[in-house]
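Asks:
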Amino acid sequence: MKKKMVSAILCASMVAGLVVVPGVAVKAADDKKVIGVTMPTKDLQRWNQDGDNMKKELEAAGYEVDLQYASNSEETQVSQVENQIANGCDLLVIASINGSSLGGPLAQAKEAGIPVIAYDRLLMNSDGVSYYATFDNYKVGQKQGEYIVEALDLENQDGPFNIELFTGDPGDNNCTFFFGGAMDVLQPYIDSGKLVVKSGQTEFEQVATPGWDTAKAQDRMDTIIAGNYADGTNIDAVLCSNDSTALGVTNALAASYTGEYPIITGQDCDTPNVKNIAADKQAMSVFKDTRALASQVVKMVDSIMKGEEVEVNDTESYDNGEIVVPSYNCELTVVTKDNYKEMLIDSGYYTEDQIQ
Numbered sequence: 258m259k260k261k262m263v264s265a266i267l268c269a270s271m272v273a274g275l276v277v278v279p280g281v282a283v284k285a286a287d288d289k290k291v292i293g294v295t296m297p298t299k300d301l302q303r304w305n306q307d308g309d310n311m312k313k314e315l316e317a318a319g320y321e322v323d324l325q326y327a328s329n330s331e332e333t334q335v336s337q338v339e340n341q342i343a344n345g346c347d348l349l350v351i352a353s354i355n356g357s358s359l360g361g362p363l364a365q366a367k368e369a370g371i372p373v374i375a376y377d378r379l380l381m382n383s384d385g386v387s388y389y390a391t392f393d394n395y396k397v398g399q400k401q402g403e404y405i406v407e408a409l410d411l412e413n414q415d416g417p418f419n420i421e422l423f424t425g426d427p428g429d430n431n432c433t434f435f436f437g438g439a440m441d442v443l444q445p446y447i448d449s450g451k452l453v454v455k456s457g458q459t460e461f462e463q464v465a466t467p468g469w470d471t472a473k474a475q476d477r478m479d480t481i482i483a484g485n486y487a488d489g490t491n492i493d494a495v496l497c498s499n500d501s502t503a504l505g506v507t508n509a510l511a512a513s514y515t516g517e518y519p520i521i522t523g524q525d526c527d528t529p530n531v532k533n534i535a536a537d538k539q540a541m542s543v544f545k546d547t548r549a550l551a552s553q554v555v556k557m558v559d560s561i562m563k564g565e566e567v568e569v570n571d572t573e574s575y576d577n578g579e580i581v582v583p584s585y586n587c588e589l590t591v592v593t594k595d596n597y598k599e600m601l602i603d604s605g606y607y608t609e610d611q612i613q
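Under our numbering, the residues of the sequence shown are numbered 258 to 613, in order.
Here it is, written out as structure tokens:
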């Protein structure tokens, strides 16, 4: 059993609900369980939504919530998780910046008997991870690759078609799934010459975007256009693993590209990108309904706190280098101009004025 030390500095979000008595363990005044939630950053829309959804759902289920954002700083996130452990949180939900950077805090959590749920990004190289809640990230890449294959009709057309490749942060373990899933679909067409990467940049390290940063993706696309497409040569498709990189690509195209507009993939259905889908500036985005993910995590939290069996649907895929982490994969959907209103507005995920 973990010990809650009275000397620990209280989590800011817990102060109002705690009573401190010398010699007595720190507990919420109403004896609510305290869930520590850490998200990578507020700079990307999806993490704000994820954090809000998690806090809302957990509080509705009767938990105290300490929600932290790490400003894309691994050092900050390590400190935040360590503080949550010291402050006596009963369970941790962690969406990591770098899945390999939290080994120390995870070891502390295991020693203290605190369960840990990895949220949408697998926590690596630690046996202190209890469960993983995510979407099928390999399938995300597959769907992006399949969309390009179908949109270019690669099964029936001779080509060649020009394509460029963008994925996300190299420290995000999900990127290996996103990019791997897409390339397993696209690589045969590259090998046959139907798809041509004129920049020559096909390796993960070459196409990764630190921090999933829109400006970095735009800078790289600017350079690719200047070096390979300045004469008006068409770019037929751009594989982008998510919407922030896709936004950088569309910004670069608007600034300097003169050829026919390419097919651009994405993920997360961020509002600027949904607007671009409606305006034919982005072809698709893979929709991962974070409401469903938050709901599943709350179910997992409830089961853990009550000592019940935790629902999982994958006990084989997610080897973190130390253990295979039992996981739950939520469903995902391809959103295009044809169905974005149904999937995003009619479902209540966005209001219509948010994407006009």
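Even glycine gets a Cβ: it sits at the ideal position worked out from N, Cα and C.
1. Using beta-carbon positions only, say whether A551 and N310 come within less than 9 Å of one another.
2. Kindly indicate which three-state DSSP category S584 falls into: helix, strand or coil?
3. Between which two residues does the beta strand (DSSP E) harbouring L324 extend?
4. Using the rule of at least 16 other Cβ atoms within 10 Å of the residue's Cβ for burial, across every protein chain shown, is E321 buried or exposed?
5. If you check the beta carbons only, do T466 and G425 fall under 9 Å apart?
6. Any idea if G438 is buried or exposed, counting beta-carbon neighbours within 10 angstroms, 16 or more meaning buried?
7. Rounded to the nearest angstrom, what separates G385 and V373 at their Cα positions?
8. Specify the secondary structure class of S542 as computed by DSSP and reduced to three states.
9. Given this structure, state the Cα-to-Cα distance separating V397 from Q444, to the nearest angstrom.
10. Count the other CB atoms within 10 Å of the CB of K299; is the residue buried (16 or more) or exposed (fewer)?
11. Tell me which residue opens and which closes the alpha helix (DSSP H) that V335 is part of.
12. Need the endpoints of the alpha helix (DSSP H) that I420 sits in, please.
13. Among the residues of its own chain, which have a CB less than 6 Å from the CB of D377, if the five just before and after it don't count?
14. Inspect the CB distances between the segment 493-500 and the segment 512-521 and report whether three or more fall short of 8 Å.
Replies: Taking the geometry as given:
1. yes
2. strand
3. E321 to Y326
4. buried
5. yes
6. buried
7. 7 Å
8. Residue state, collapsed to three classes: strand.
9. 16 Å
10. exposed
11. E331 to A343
12. First-last for I420: F418 to F423, but that is the beta strand (DSSP E), not the alpha helix (DSSP H).
13. A352 and T391
14. yes
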